[in-house]
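Here the structure comes first, spelled out in structure tokens, and everything after it is commentary.
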Amino acid sequence: MTAEATRAHTTTQLLPRNAFGLMFDRVFGALFWGKMFAVVAVWTHGIVAAIVMYDATRSALMVGLVGVVQFAPQLILSPASGKWADEGNPAKQILLGRVFCVVGSGSIAVWMVVEPGIQGAATAVPILLGTALVGFGFAVGGPAMQSIVPNLIRDGELATAMALNSIPMTVGRIIGPATGAYLAAHVGAAAAFTVSAVLHLVFALFLVAVRFPAPPDRVPGADYRVRVAVRYVMQDRPLLLALLAVTTVGIVSDPSITLAPSMADALGGGPSLVGTLSAVFGVGAAVGMAALALLRGRVASASVSSIGMVALTLGSIVLAVGIQPWLAFTGFALAGLGFGIAMTGLSTVVQERAPAELRGRIMALWLVGFLGSRPIAAAVLGGTADLVNVYVAFAVAAALSLVVTALCRPSKLVGAHV
121 MTAEATRAHT
131 TTQLLPRNAF
141 GLMFDRVFGA
151 LFWGKMFAVV
161 AVWTHGIVAA
171 IVMYDATRSA
181 LMVGLVGVVQ
191 FAPQLILSPA
201 SGKWADEGNP
211 AKQILLGRVF
221 CVVGSGSIAV
231 WMVVEPGIQG
241 AATAVPILLG
251 TALVGFGFAV
261 GGPAMQSIVP
271 NLIRDGELAT
281 AMALNSIPMT
291 VGRIIGPATG
301 AYLAAHVGAA
311 AAFTVSAVLH
321 LVFALFLVAV
331 RFPAPPDRVP
341 GADYRVRVAV
351 RYVMQDRPLL
361 LALLAVTTVG
371 IVSDPSITLA
381 PSMADALGGG
391 PSLVGTLSAV
401 FGVGAAVGMA
411 ALALLRGRVA
421 SASVSSIGMV
431 ALTLGSIVLA
441 VGIQPWLAFT
451 GFALAGLGFG
461 IAMTGLSTVV
471 QERAPAELRG
481 RIMALWLVGF
491 LGSRPIAAAV
501 LGGTADLVNV
511 YVAFAVAAAL
521 SLVVTALCRP
531 SKLVGAHV
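Numbering (our numbering), first residue to last: 121 to 538.
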């Protein structure tokens, strides 16, 4: 091959790929499809745990406690986990997280087979313990799963990659709740938790089978303490506002699981309606993320973020008055659409503004905001549903979303880097 041909070949190889090219890339594709299995597993676990807990206790607050133990580990471990991602091997860290998740879902399945006769509040203990292990798995592997993405792509692919990176979460919201609710209603909760454990195992096998690029060399003299990332975020106002918006999206999207049983109960439905409501939210999110992946970054990420926040707010408002099934479906679909668009836009804003040497720790803060806030959301919104009703709980979520949408308008999410 001549020198000119070699240069031409190299240039061709480095051209940005479209969404389909990335999805079927050996390395990025392994992360994409493996994450798809894992997120389906998480939402299957989450909806079945919610159904079992609600059937056993008839309390939205106890259902919220499932969210607390699943997402509280993000507050405890994610900052340290982000530091490990910057210092160590992100791929191995993701694998370790899968092990925790397999054990978490699998342990509940085993308990339900061994002790099928336990009823009432006694059911809560194994559900909460197993769910906490799943939460620890995501706390360990989550920052690495986010921060590794820029290392797997070419220049000009970030917007497309971030849209694709969010799609598994959305597909999981569609397939996971529907699968979990169906299995819980027709086969049994033990089978559903077993399916969840197996899906996590599939992702682990993907990680073992694929050779990921070596992590970037450590910067000599760099300070890898978490406080360095926190200080950087505090000095970069657009980045700080983006993380605030991510936190709000986490809180306002939590009712798609936490309040789905209460909403279904208020509408006179059962487990099947719970799964359908959550799946409708996921369909809306999938539509938003798929559209953005096809647009390939043609709309500025700050504008995308704002559009998503507006739609999420409107969906929550509809749910606050969703006393008819068609209104509830409309509200969940609109909120899901806003969720998908907002998460893609905000994730891109954060990745664009995060320096490579701080990316793991900053994405850990992203996870602390998005997932770590959900125990608070689950407790507050679940408690509101118990004390007043589910519609007031959605009104609280809508009010918060409206305020943050106004604060994080597009002009506030752009500006010079620190």
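Backbone N, C-alpha and C fix where the C-beta goes; we use that ideal spot for every residue, glycine too.
Option nearest residue i by Cα separation, candidates the options
| i | options | result |
| --- | --- | --- |
| V234 | A309, V269, S286, L272 | A309 |
| L181 | L379, K155, F144 | L379 |
| A329 | L248, V318, V366, G154 | G154 |
| L135 | F144, V400, E277 | E277 |
| T114 | D145, P270, V291 | In the structure as shown, the chain begins at 121 and stops at 538. Residue 114 is therefore absent and cannot be evaluated. |
| G250 | M429, V219, R418 | V219 |
| V160 | S531, V350, L215, F323 | F323 |
| L317 | F332, G300, R331, P333 | Note that residue 317 is Ala in the sequence shown here, rather than Leu. That would be G300, whose Cα lies nearest to the Cα of A317. |
| Q194 | T367, A406, V348 | T367 |
| F106 | M354, P297, L216, K212 | This structure cannot speak to residue 106, because the chain is shown only from 121 to 538. |
| A158 | A399, Y352, M265, G465 | M265 |
Host alpha helix (DSSP H) of residue i (start-end)
| i | result |
| --- | --- |
| T468 | 445 to 473 |
| E277 | Per DSSP, E277 belongs to no alpha helix (DSSP H) and is neither H nor E. |
| I496 | 494 to 507 |
| T433 | 421 to 440 |
| F332 | Counting along the chain, F332 falls outside any alpha helix (DSSP H), and DSSP gives it neither H nor E. |
| S382 | 380 to 386 |
| T525 | 510 to 527 |
| F144 | First-last for F144: undefined, no H or E at that position. |
| G389 | No alpha helix (DSSP H) holds G389; DSSP gives it neither H nor E. |
| R357 | 357 to 373 |
| R481 | 479 to 490 |
| S227 | 210 to 234 |
| Q190 | 180 to 207 |
| P246 | 244 to 267 |
Residues near residue i by beta carbon distance below 7 Å, same chain, minus five either side
| i | result |
| --- | --- |
| R127 | Low per-residue confidence applies at R127: pLDDT is 38, beneath 50, and the placement is therefore not dependable enough to give any value. |
| T247 | It should be pointed out that residue 247 corresponds to Ile in this sequence rather than to Thr. Contacts found: A169, V172, M173, V186, I228. |
| A305 | P391, S392 |
| S179 | D506 |
| A518 | T433, S436, I437, A440 |
| L520 | T368, I371, V372 |
Neighbourhood of residue i by C-beta, 8 Å cutoff - its chain only, sequence neighbours within 5 removed
| i | result |
| --- | --- |
| T132 | Because the pLDDT at T132 is just 47, under 50, the model does not fix this residue reliably, and the point stays unresolved. |
| A208 | The sequence shown places Gly at residue 208, not Ala. Correct list, in chain order: P335. |
| K203 | Y344, R345, V346, G480, R481, A484 |
| A448 | M383, L387, L397, L439, G442 |
Distance cut-off 7 Å: residue i Cβ against heavy atoms of the ligand HEM
| i | result |
| --- | --- |
| P445 | Judged by which ligands are present, the structure shown has none, so any question about the ligand HEM falls away. |
Close Cβ partners of residue i (< 6 Å) along its chain, the five nearest in sequence each way excluded
| i | result |
| --- | --- |
| S373 | F459 |
| I427 | I461 |
| G408 | L457, G460, I461 |
| V269 | A281, N285 |
| I287 | M409 |
| I196 | none |
| G184 | T378, A498, A499, G502 |
| P530 | A422, S423, S426 |
| L272 | V147, F148 |
Residue-chain proximity (residue i, chain C), Cβ-Cβ < 8 Å
| i | result |
| --- | --- |
| I294 | Checking the listed chains, one finds no chain C in this structure; it contains a single protein chain. |
Item to check | Contact between the segment 186 to 194 and the segment 256 to 269 (3+ Cβ pairs under 8 Å) | outcome: yes
Checklist entry - Does the count of Cβ pairs from the segment 513 to 524 and the segment 427 to 438 closer than 8 Å reach three? => result yes
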